[in-house]
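Residue numbers (the numbering used here): -8 to 170.
Each residue gets a CB set at the ideal place from its N, CA and C atoms; glycine is no exception.
Computed from a prediction, not measured in an experiment: that's the story for all the values here.
See structure below.
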């Protein structure tokens, strides 16, 4: 029994150490990517927005989608203004997230970008009068990320809002971040 207890304690400590090391790496990547985004010129940011629109609008999943969830860019995230305009012009339902408490967000329909108000963390979000859209109603989600690995695993801003939301939907997910 003593050996098994010692072995169990050792394995638990190794797992805790691995989680701490992984967390440090995620924090380091997040910090480095944020520095790189802040260093981009306004022209580089506009070019990146155009490139995102070209890639998203060329996706068959986007063209087929009737309901698209996007985001209002914050803290150097890639802006999706062209995607907003295209989705609305094509008659798609445009959904953006609104914070509903600590770690919780819901999707809300937006008919025009001027319906956005400054919300939690100073991020633009749908106003209180914008109707809620349930996760299972969404066909495609444009997911902001600070970084993604080669398998599509996301590093976000660190609050876990999207991680929890994405667990509630089967929508096609498209990660959006700077190269």
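Under DSSP, the beta-bridge partners assigned to residue 87 are 99.
For residue 60 against residue 110, the beta-carbon gap comes to about 16 Å, at or over 8 Å, which does not count as contact. Residue 122 is classed as exposed because its beta carbon has fewer than 16 other beta carbons within 10 Å across all chains shown. Runs of the beta strand (DSSP E) spanning 3 or more residues and lying entirely within the segment 26 to 95 occur at 58 to 60 and 84 to 90, in chain order. With the rule of 3 Cβ pairs closer than 8 Å, the segment 62 to 71 does not count as touching the segment 124 to 131. The continuous beta strand (DSSP E) containing residue 164 extends over residues 163 to 167. Look at residue 135 here: in three-state DSSP terms it is strand. Taking 9 Å as the cut-off, the beta carbon of residue 165 is found closer than this to the beta carbon of residue 52.
In chain order, 132, 134 and 164 place their CB closer than 8 Å to the CB of residue 157, counting only its own chain and leaving out the 5 sequence neighbours on each side. Residue environment for residue 152: buried (at least 16 other C-beta atoms within 10 angstroms of its C-beta). Per DSSP, the beta-bridge partners of residue 115 are 109. Between residue 155 and residue 89, the alpha-carbon positions lie close to 14 Å from each other.
Closest option to residue 77, judged by alpha-carbon separation, among 96, 102 and 92: 102. DSSP places residue 154 in the uninterrupted alpha helix (DSSP H) bounded by 152 to 157. For a cut-off of 8 Å, the C-beta gap from residue 116 to residue 162 is around 19 Å, too long to register as a contact. Annotation: residue 40 to residue 84 spans about 21 Å, alpha carbon to alpha carbon.
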